[in-house]
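Here's the structure, in structure tokens; my notes come after.
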Amino acid sequence: LETMPALRNRVDQSRSTIVTIVLLLASFHSTLALLPIPLSSPSRSSLSSLQRGRSFHPGVRRRPSSHLGGWLDNFLPRPVDDESYRRADEERRSQFPEQYPATYELISDPLRGDCTPEGALVRPLLKQTQLESRPLRLAFDASQHGWSASAFHGRVDGLGAAIVLTEAVDGQIVGGYNPKGWASMGGARPSVAAFLFYEKDGDGTFQKLQKIGGGGLACSSDEPNSGIAFGPDGLVVSLQPGREKMASSKLGTYFDRGPEDLSSLLYKSGGTTQLKELKVLVGVYGNDEEIPYSGAVLDMTSG
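Counting in the numbering used here, the sequence shown runs from 1061 upward without gaps.
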């Protein structure tokens, strides 16, 4: 006679075998339900379905689903129709706009509360960003605060998303949007929502240029002794002694070349120029509000 522990072990093994068989049968029945059965000619019921406007495949009949197949369907996700998917996508974009690349759409209406003329100037660029409905203020003006990396970081670190606005000595206006801002924490600050922009000739409107190749190196350096770098080469203002007003730009590697297929934001000056103005705008936050990305950020894209 078997001992009680041995008998229990045999019962447990039997239960496990039964469960395995049931799952295999469920999978087998679900597969059978999808297999067509060839017929020599369409049946009368099929012809009747055609007359009633229903679609069918001549010579093919679907197997009726089994009770076991219906039981298994309860464990599978229901298909999502196009309209439900569209609504869900719109809701997600409104809640988490900067998980997506920058949109090329512009905002047409001004925002009451922008504290400076510069804020009103760049407002159209902020569609689908965390600053879209937040008033802006001027945090850094190199002409007032100094053309140096230390002055720049002393004024913008920890203030979250920021938009850089520059004017070259030839009058060209270019800039960029850094969704993660600066914090002098070292390394890079990635974001797929970063973008560059330039003023188009003739109409005074801006053209945006998306980040390409993912979000890595959107802000390629957050060192306390470095200046502004949108990508290693997208738009760089070094703010280093002896060349503090120098700016350079190359497009196509980290930022899009745009509809005009530009090789540089600074196309009027051949890719490098001297700046006349350098300003940085940030959002206005209340004393009880937390500023997003005001400290260190996780960067798993820069190596």
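Even glycine gets a Cβ: it sits at the ideal position worked out from N, Cα and C. All values derive from a computational prediction rather than experimental measurement.
Give the DSSP-derived three-state secondary structure of Arg1147 in the structure shown.
The count along the sequence shown starts at 1 and reaches residue 1147 at position 87. Here Arg1147 sits in helix by DSSP.
Since Val1297 and Gly1287 are thought to touch, with beta carbons under 8 Å apart, how far apart are those beta carbons, to the nearest angstrom?
Indexing the sequence shown from 1 puts residue 1297 at position 237. Indexing the sequence shown from 1 puts residue 1287 at position 227. Yes, they are in contact, since the Cβ atoms of Val1297 and Gly1287 sit about 5 Å apart, within 8 Å.
Write down every uninterrupted run of the beta strand (DSSP E) in the region 1244-1286 whose length is 3 residues or greater and which is fully enclosed by it, in chain order.
Entirely contained in the region 1244-1286, the beta strand (DSSP E) runs reaching 3 residues are, in chain order, 1255-1259, 1266-1270.
So, using beta-carbon positions, are Leu1341 and Phe1257 closer together than 7 Å?
Translated into positions along the sequence shown, residue 1341 becomes position 281. Translated into positions along the sequence shown, residue 1257 becomes position 197. Not a contact, by the Cβ cut-off of 7 Å.
When you compare each of Leu1299, Gln1190, Pro1170, Arg1194 to Leu1181 by their alpha carbons, which one comes out closest?
Position 121 of the sequence shown, counted from the first residue, corresponds to residue 1181. Closest option to Leu1181, Cα to Cα, is Pro1170.
With distance defined between alpha-carbon atoms, name the residue in Thr1332, Gly1235, Lys1328 nearest to Phe1315.
Translated into positions along the sequence shown, residue 1315 becomes position 255. Looking at the Cα atoms, Gly1235 is the closest of the given residues.
Taking the alpha carbon of Ser1323 as the point to measure from, which residue in Leu1295, Arg1152, Glu1337 has its own alpha carbon closest?
As a first step, residue 1323 must be located in the sequence shown, where it is residue number 263. The residue with the shortest Cα to Cα distance from Ser1323 is Leu1295.
Can you round the beta-carbon distance between Pro1239 and Gln1190 to whole angstroms, since I take them to be within the 8 Å contact cut?
Position 179 of the sequence shown, counted from the start, is the residue given in the question as residue 1239. Position 130 of the sequence shown, counted from the start, is the residue given in the question as residue 1190. Correct: roughly 7 Å between the Cβ atoms.
Whole alpha helix (DSSP H) runs in the region 1167-1220 with 4 or more residues, listed along the chain?
Counting whole runs of 4 or more residues, the region 1167-1220 contains the alpha helix (DSSP H) stretches 1177-1182, 1202-1205, 1209-1216.
Is the region 1326-1337 touching the region 1160-1175, taking contact as three or more C-beta pairs under 8 Å?
No, the region 1326-1337 is not in contact with the region 1160-1175.
Let me make sure I understand the geometry here. Which of Asp1348, Gly1355, Val1344 has the alpha-carbon closest to that of Thr1176?
Mapped onto the sequence shown, residue 1176 falls at position 116. It is Val1344.
Within 10 angstroms of the Cβ of Ala1356, are there 16 or more other Cβ atoms? Answer buried if so, exposed if not.
For the purposes of this step, residue 1356 is identified with residue 296 of the sequence shown, where counting begins at 1. Result: exposed.
Quick check: the Cα distance between Arg1317 and Gly1273, rounded to an integer number of angstroms?
Here residue 1317 refers to the residue found at position 257 of the sequence shown. Here residue 1273 refers to the residue found at position 213 of the sequence shown. Going from the Cα of Arg1317 to the Cα of Gly1273 covers about 13 Å.
Do Gly1291 and Leu1269 have their C-beta atoms within less than 7 Å of each other?
Position 231 of the sequence shown, counted from the start, is the residue given in the question as residue 1291. Position 209 of the sequence shown, counted from the start, is the residue given in the question as residue 1269. Contact: no.
Is it the case that the Cβ atoms of Ala1209 and Asn1285 are separated by a distance below 7 Å?
Within the sequence shown, residue 1209 is the residue found at index 149, counting from 1. Within the sequence shown, residue 1285 is the residue found at index 225, counting from 1. Yes, Cβ-Cβ distance for Ala1209 and Asn1285 is below 7 Å.
Please check the pair Glu1304 and Gly1246, which I expect to be a contact at CB under 8 Å, by giving their CB distance rounded to whole angstroms.
Taking the first residue of the sequence shown as position 1, residue 1304 is located at position 244. Taking the first residue of the sequence shown as position 1, residue 1246 is located at position 186. Actually they do not touch by this definition, with Cβ atoms about 21 Å apart.
Go ahead and label Ile1223 buried or exposed: buried means 16 or more other beta carbons lie within 10 angstroms of its beta carbon, across all protein chains shown.
Indexing the sequence shown from 1 puts residue 1223 at position 163. It is buried - the Cβ of Ile1223 has at least 16 other Cβ atoms within 10 Å.
Could you pull out every residue in the same chain whose Cβ sits closer than 7 Å to the Cβ of Ala1211, ignoring the five residues on either side in sequence?
Taking the first residue of the sequence shown as 1, we reach residue 1211 at position 151. Around Ala1211: His1205.
Less than 7 Å between the C-beta atoms of Pro1241 and Leu1225, yes or no?
Position 181 of the sequence shown, counting from 1, holds the residue named residue 1241. Position 165 of the sequence shown, counting from 1, holds the residue named residue 1225. For the sequence presented, residue 1241 should be read as Gly rather than Pro. Against a cut-off of 7 Å, the Cβ pair of Leu1225 and Gly1241 comes out as no contact.
Drop a sphere of 10 angstroms on the beta-carbon of Val1229, count the other beta-carbons inside from all chains shown, and report buried for 16 or more, exposed for fewer.
As a first step, residue 1229 must be located in the sequence shown, where it is residue number 169. Classification of Val1229: exposed, given that the 10 Å Cβ count is below 16.
By how many angstroms is the C-alpha of Ser1076 removed from the C-alpha of Leu1369?
Absent from the structure is residue 1369, since the part of the chain shown begins at 1061 and ends at 1363.
Have a look at Ser1281 and Arg1146 and give me their C-alpha separation to the nearest angstrom.
Locating residue 1281 in the sequence shown gives position 221, where the first residue counts as 1. Locating residue 1146 in the sequence shown gives position 86, where the first residue counts as 1. Between Ser1281 and Arg1146, the C-alpha separation is close to 37 Å.
Going by alpha carbons, who is nearest to Gly1231 out of Asp1149, Leu1358, Lys1260?
Counting from 1 along the sequence shown, the entry for residue 1231 is found at position 171. Of Asp1149, Leu1358, Lys1260, the residue nearest in Cα terms is Lys1260.
In chain order, what residues of the same chain lie with their CB nearer than 6 Å to the CB of Glu1192, ignoring the 5 residues before and after it?
Position 132 of the sequence shown, counted from the start, is the residue given in the question as residue 1192. Excluding positions up to five away in sequence, the list reads Leu1186.
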